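Quick note, in the working numbering, the sequence shown goes up one by one and the last residue is 268.
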Amino acid sequence: MSQLEALIFDVDGTLADTERDGHLVAFNMAFEKAGLDWHWSVELYGKLLAVTGGKERIRYYLKDFFPEERGQEFSLEQTKPGETDFAAFVAALHASKTEFYIQLMADGAVPLRTGVVRLIQEARDAGMRMAIATTTTPANVTSLLTHTLGAESLDWFEVIAAGDIVPAKKPAADIYVYAMEKMNLKAEQCLAFEDSYNGVLSSCGANLKTIVTINGYTADDDFAGAGATLVLSDFGDPEQPMTVLQGDCDDSYFSLKTAQKMFQA
Ligand code: XBP
Ligand code: MG
Numbered sequence: 004m005s006q007l008e009a010l011i012f013d014v015d016g017t018l019a020d021t022e023r024d025g026h027l028v029a030f031n032m033a034f035e036k037a038g039l040d041w042h043w044s045v046e047l048y049g050k051l052l053a054v055t056g057g058k059e060r061i062r063y064y065l066k067d068f069f070p071e072e073r074g075q076e077f078s079l080e081q082t083k084p085g086e087t088d089f090a091a092f093v094a095a096l097h098a099s100k101t102e103f104y105i106q107l108m109a110d111g112a113v114p115l116r117t118g119v120v121r122l123i124q125e126a127r128d129a130g131m132r133m134a135i136a137t138t139t140t141p142a143n144v145t146s147l148l149t150h151t152l153g154a155e156s157l158d159w160f161e162v163i164a165a166g167d168i169v170p171a172k173k174p175a176a177d178i179y180v181y182a183m184e185k186m187n188l189k190a191e192q193c194l195a196f197e198d199s200y201n202g203v204l205s206s207c208g209a210n211l212k213t214i215v216t217i218n219g220y221t222a223d224d225d226f227a228g229a230g231a232t233l234v235l236s237d238f239g240d241p242e243q244p245m246t247v248l249q250g251d252c253d254d255s256y257f258s259l260k261t262a263q264k265m266f267q268a
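Structure follows, in structure tokens:
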């Protein structure tokens, strides 16, 4: 049996509830700034999360959720009136969304989830290697980490694999495979942390044992079907126990010791 060498963390939904309180808010701010009358509700955004990647999500919205009677205004084949290039229009809108997101993080809009700081600190103290594998834009990861853990935390992660660095986003396994390649590690040496069905498909697709912490958007996802080892409410803390939703674990909070146990099981 191999030894546990590294923890690989997803970001959105796993480290922090960034989808509802960060990305969604930033998308709507960007739409308003661009003079668009689009507004994504918390509920609609839950449906749009089926597609990973912000640019891809905007396209999905226009394709499947944009009011049919307005179909002529925006279609993936057509350009926006006055725009020469639809891809450029989406890219600019998304870049504006990223700016708003970074500002929200700087304002401290989204804290890290329960137990995240403790687990990362335990891993650091033990000399455990750490990486990030996320679909979101690299600048978003930098801003979240900087404004929660401090700028020095960027160096705690050996690899920050993010966004368009791989051609196929989650649920494809590519981003996890990329992170492991960069660390020169095999799946049998790592444990992944995810929050969503698409995320678990990605990590398990890379043959990684995966621990899930759910959130409001992902509570009903089919994690067993996707191959998760353990499904938790959150990582918990000594004074704030976690709930084990699927899988076997007697610990009241998820520690590095728990990680070792789950890895060996
Ligand atoms: C979540 C995503 C991202 C974010 C938006 O990534 O799918 O697309 O919702 O970020 P993960 P961008 O759970 O893998 O961290 O707009 O920068 O794509
Ligand atoms: Mg996620």
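From the three backbone atoms N, C-alpha and C, an ideal C-beta is built for every residue, glycine too. Keep in mind the model is a prediction, meaning the values are calculated, not measured.
Taking L233 as part of the beta strand (DSSP E), name the residues at either end of that continuous run.
-> Counting from one through the sequence shown, the residue named residue 233 turns up at place 230. In the DSSP assignment, L233 falls within the unbroken beta strand (DSSP E) covering 233-235.
Look at the Cβ atom of S146, then the Cβ atom of A109, and state whether they are nearer than 8 Å.
-> One-based indexing of the sequence shown puts residue 146 at position 143. One-based indexing of the sequence shown puts residue 109 at position 106. Yes, Cβ-Cβ distance for S146 and A109 is below 8 Å.
Cut-off 6 Å between Cβ atoms - residues of its own chain near A164, not counting five sequence neighbours on either side | One-based indexing of the sequence shown puts residue 164 at position 161. These residues qualify, in order along the chain: A136, I178, Y181, A182.
Spatial neighbours of F34 in its chain, beta-carbon cut-off 6 Å, leaving aside the 5 residues before and after | Locating residue 34 in the sequence shown gives position 31, counting from the first residue. Correct list, in chain order: W41.
Go ahead and pull the three-state DSSP assignment for I61.
-> Looking up residue 61 in the sequence shown gives position 58. Residue state, collapsed to three classes: helix.
Limits of the unbroken alpha helix (DSSP H) element including M108 = Residue numbering aside, residue 108 sits at position 105 when the sequence shown is read from its first letter. DSSP places M108 in the uninterrupted alpha helix (DSSP H) bounded by 89-109.
Cα-Cα, which of L211, D223, K212 is closest to L248?
-> As a first step, residue 248 must be located in the sequence shown, where it is residue number 245. Between L248 and the set L211, D223, K212, the nearest pair of CA atoms involves D223.
Less than 7 Å between the CB of G16 and some heavy atom of the ligand MG, yes or no?
-> By one-based count along the sequence shown, residue 16 stands at place 13. Indeed, a heavy atom of the ligand MG lies less than 7 Å from the Cβ.
Would you mind stating whether T213 and A231 have Cβ atoms separated by less than 8 Å?
-> On the sequence shown, position 210 is the one that residue 213 refers to. On the sequence shown, position 228 is the one that residue 231 refers to. Contact: yes.
Quick one: complete alpha helix (DSSP H) runs, 4+ long, within the region 200-228?
-> Runs of the alpha helix (DSSP H) lying entirely within the region 200-228 and spanning at least 4 residues, in chain order: 200-208.
Apart from the five residues just before and just after P170, which ones in its own chain have a Cβ nearer than 8 Å to its Cβ?
-> Start at 1 with the first residue of the sequence shown, and residue 170 comes out as number 167. The beta carbon of P170 sits closer than 8 Å to the beta carbons of D177 from its chain, once the five residues preceding and following it are set aside; these are given in chain order.
Under the three-state reduction of DSSP, which class applies to M245: helix, strand or coil?
-> Taking the sequence shown and counting its residues from 1, one reaches residue 245 at position 242. If DSSP states are grouped into helix, strand and coil, M245 belongs with coil.
Name the two residues that bound the continuous beta strand (DSSP E) containing M183.
-> The sequence position of residue 183 within the sequence shown is 180, counting from 1. Note, M183: premise wrong, no beta strand (DSSP E); alpha helix (DSSP H) at 177-186.
Please determine, among V120, K36, K50, Q267, the residue with the shortest C-alpha to C-alpha distance to T151.
-> Position 148 of the sequence shown, counted from the first residue, corresponds to residue 151. Out of V120, K36, K50, Q267, the CA that lies nearest to the CA of T151 is found in V120.
Decide if K172 is buried, meaning its Cβ has at least 16 other Cβ atoms within 10 Å, or exposed.
-> Translated into the one-based positions of the sequence shown, residue 172 becomes position 169. With at least 16 other beta carbons inside 10 angstroms of its own, K172 counts as buried.
Under the three-state DSSP convention, the category A134 falls into = As a first step, residue 134 is located in the sequence shown; it is residue number 131 there, counting from the start. The answer is strand: DSSP assigns A134 an E or B state.
Flag this pair as yes or no: are the beta carbons of Y256 and F226 separated by less than 8 Å?
-> For the purposes of this step, residue 256 is identified with residue 253 of the sequence shown, where counting begins at 1. For the purposes of this step, residue 226 is identified with residue 223 of the sequence shown, where counting begins at 1. No Cβ-Cβ contact shorter than 8 Å links Y256 with F226.
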